[in-house]
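> Position 314 (the sequence shown) corresponds to 314 in full-length UniProt numbering; numbering is contiguous. C-beta atoms are modelled at their ideal positions from N, C-alpha and C, and glycine is treated no differently. The structure displayed is predicted, hence computed values, not measured ones.
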Amino acid sequence: MYCKKLKSIVSRIESIRLNINNEFIHRFDKWINENTTDRERLRLSPIKMANEMGITQELSMKFFNIGKEVKLFKAVAFYTCQCGEHFQIFSFSETQCINGCEVDIMKNKDKVFIYFELLDEVEELENTFGNIYPIDYITSEDLGSFNGTYDEYELVIGEEGAKKLLDDSVYNLEYKEISIIHISDLHFGSSYNTGIDNKAGLSGINNMKPDLFNQFCKKVRTISPNYLMISGDVTSRNEEEGFEEFNKKVANLGIDNEKIYIVPGNHECDRSKKSEQGQFALFSSYTTLYKTNFSKENYILDEGSKLFIYGFNSVNYRNDNGYELFYIKSEEFEKLEKTYDILNKEYTDFNKYTKIALLHNNLIPHSNVEVKEYAEVLNTYFIKYKLVDLGFNLVCSGHKHEEVIEKHTVYKENEENEIILASVPSLCGNVYNGKNGFHVIKILTDDKFKVNKVILEKYETTNLHEFQLKGEIKINL
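1) Mapping the DSSP letters down to three states, classify Y133 as helix, strand or coil.
2) To the nearest whole angstrom, what separates the beta carbons of L427 and V395, a pair I think is in contact under 8 Å?
3) Quick one: what's I262 bridged to in DSSP?
4) With a threshold of 16 other CB atoms inside 10 Å of the CB of P365, please say whether the residue is buried or exposed.
5) Going by beta-carbon coordinates alone, are F392 and I419 separated by less than 9 Å?
6) Which ranges does the beta strand (DSSP E) cover as unbroken runs of at least 3 residues, wholly within the stretch 390–462, from first to last along the chain?
7) Taking S305 as the reference, give the member of D185, E177, K249 with the closest Cα.
8) Pull up the CB-CB distance for I262 and T292, whole angstroms please, since I reckon it's below 8 Å.
9) Which whole-angstrom value describes the C-beta separation of L228 and L253, a residue pair presumed to lie in contact below a C-beta threshold of 8 Å?
10) I need the straight-line Cα distance from L307 to N414, nearest angstrom please.
11) May I ask you to verify whether the stretch 236–245 touches the stretch 266–284, counting CB pairs closer than 8 Å and requiring at least 3?
12) Evaluate contact between the stretch 395–407 and the stretch 184–191, counting only Cβ atoms and requiring at least three cross-stretch pairs below 8 Å.
13) Using the three-state DSSP reduction, which class does F146 fall into: helix, strand or coil?
14) Quick check on the DSSP output: what are the complete beta strand (DSSP E) runs of length 3 or more inside the stretch 326–351, in order along the chain?
15) Apply the 10 Å Cβ neighbour rule to S145 and answer buried if 16 or more other Cβ atoms are within range, or exposed otherwise.
16) Do you know offhand how far E466's Cα is from H360's?
17) With a cut-off of 8 Å on the beta carbons, I'd call E156 and E58 a contact; round off their distance for me.
18) In whole angstroms, what separates the C-alpha of G434 from that of R271?
19) By the 10 Å Cβ neighbour count, where 16 or more other Cβ atoms means buried, how is D29 classified, buried or exposed?
20) Classify Q82 as helix, strand or coil using the three-state DSSP reduction.
21) What did DSSP end up calling E117 once you bin it into helix, strand or coil?
22) For F188, does the three-state DSSP call read helix, strand or coil?
23) Give the range of the alpha helix (DSSP H) segment to which H26 is assigned.
24) What are the boundary residues of the alpha helix (DSSP H) that includes F308?
25) If you run the structure through DSSP and keep just helix, strand and coil, what is F467?
26) For K71, tell me which candidate among F78, A77, F63 has the shortest Cα-Cα distance.
27) Alpha carbon to alpha carbon, how far is L118 from G232?
28) So, is H439 buried or exposed, given that buried needs 16 or more other C-beta atoms within 10 angstroms?
29) For N344 and I441, I'd like the C-alpha separation in whole angstroms.
30) Assuming E403 and G437 make a contact with CB atoms under 8 Å, what is their CB distance in whole Å?
31) Does the beta-carbon distance from F326 to V315 come in below 9 Å?
32) Can you round the beta-carbon distance between A75 and I114 to whole angstroms, since I take them to be within the 8 Å contact cut?
33) Looking at the structure shown, is L6 part of a helix, part of a strand, or coil, going by DSSP?
34) Taking CB distances under 9 Å as the criterion, tell me whether I105 reaches chain C.
35) With distance defined between alpha-carbon atoms, name the residue in E457, P46, A422 nearest to I223.
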């Protein structure tokens, strides 16, 4: 299709007027093969092409516009914020960057940069011209002084042309939405947060405050999530009473058990046992209704939504010289890779699935001051690089009872890959700032099921102990 679409450009009236002929097409083909990588072809710059081919920038911009019309390219828009953040946009409505800057895109078209994604694999174009020689030298002044911004495209191809250029990536883009609630650190049992300073140890005053989990249930019914993920510490100190209460409470959520994924936290670990099976025996026995990392089929796969959720045990506990060490075993990744081999054969488009990793401990330090060594997972760098290599988009954790959300760029073999690390506050355990909370994760994919945006809605308790939406973070990938 690459060759067919390239040749179709030549016969268009606009191309004839601009002298975009067979020779021009062959020069472009030579440039795309010799001067670009597969990754660069996802974000081609007409300005870069013009400067390297020695043609005017205006001609290059018009050529890409024609290429978009024959579906050789898809135009994509990126915004450069005043804080330096450079992110893809999918509408011209006001928004926020990941650093919290208010962005009015329509008033700042000169900060919207247009790039083009090559939609087809490069094929060998039959050469009917023989050797392709460089064209006559053009001075830098003749090339032009464009940057490739939206307002410049309005000048070159007109306001309607510029709008049409982005009709399938900004203006008329339709998203498929997956909604997932993420909670952690419920601490049923002796550490459940009643919200009352009960130093006297009175037993008859706990009904003075609305039950936090019941308040959470009310909010869940208004959200109607596709899935629920729980990052551990559902009980306190591995107490059976906490497990029993957890199962009773979760039954009231109205979410199918097979759509609930739970991983163990440090409060589900019996430190008196040496084997992993012994340490998490109670957890395994009380969570058979749900998906866990100990389940026979230890993942959630939604073929319709192209979603894959996989949990890890980050509480591989070891006491070394008095220090508590937590890590994820390399054997877990070996097991995951075997699962990948099976799923890649069964689902030919598995590489396009949105992939979420769920664990208890954090891959990033928290801002609170805590004098405790080895609080995070020890093999963080290995885990991050491995997850990126396996195509994961999002890592969800808990443990610290505080919220931290970061987008990390991982550099691997001359490629940049982004992954979101989201640590959720405690749902109904004790918290440092008095604010319990949870996240609603909305994953927006395009018609090719490519993840374009992740919206993290942040809920926290009010003074009346009700959960309320306190804000959202939009993260473009």
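Looking at the coordinates:
1) With a pLDDT of 46 at Y133, under the threshold of 50, the modelled position of this residue cannot be trusted; read the value that follows with caution. If DSSP states are grouped into helix, strand and coil, Y133 belongs with coil.
2) That pair is no contact at about 19 Å.
3) I230, T292
4) P365 counts as exposed, since fewer than 16 other C-beta atoms from the protein chains shown sit within 10 angstroms of its C-beta.
5) yes
6) 394–397, 404–412, 415–423, 437–445, 451–461
7) E177
8) 5 Å
9) Yes, they are in contact, since the Cβ atoms of L228 and L253 sit about 7 Å apart, within 8 Å.
10) 28 Å
11) yes
12) yes
13) coil
14) Fully enclosed beta strand (DSSP E) runs of 3 or longer: not present.
15) Taking a 10 Å sphere around the C-beta of S145, we find fewer than 16 other C-beta atoms and assign the residue as exposed.
16) 25 Å
17) Residue identity differs from the one stated: residue 156 is Val in this sequence, not Glu. Sure, about 6 Å apart at Cβ, within 8 Å.
18) 29 Å
19) buried
20) coil
21) strand
22) strand
23) 22–35
24) Careful: F308 lies outside any alpha helix (DSSP H), inside the beta strand (DSSP E) at 307–311.
25) strand
26) F63
27) When rounded, the distance between both Cα atoms is 43 Å.
28) buried
29) 26 Å
30) 7 Å
31) Cβ distance < 9 Å, so F326 and V315 count as in contact.
32) 6 Å
33) L6 falls in the helix class under three-state DSSP.
34) The structure shown contains no chain C; it is built from a single protein chain.
35) The shortest C-alpha to C-alpha distance from I223 to any of E457, P46, A422 is the one to E457.
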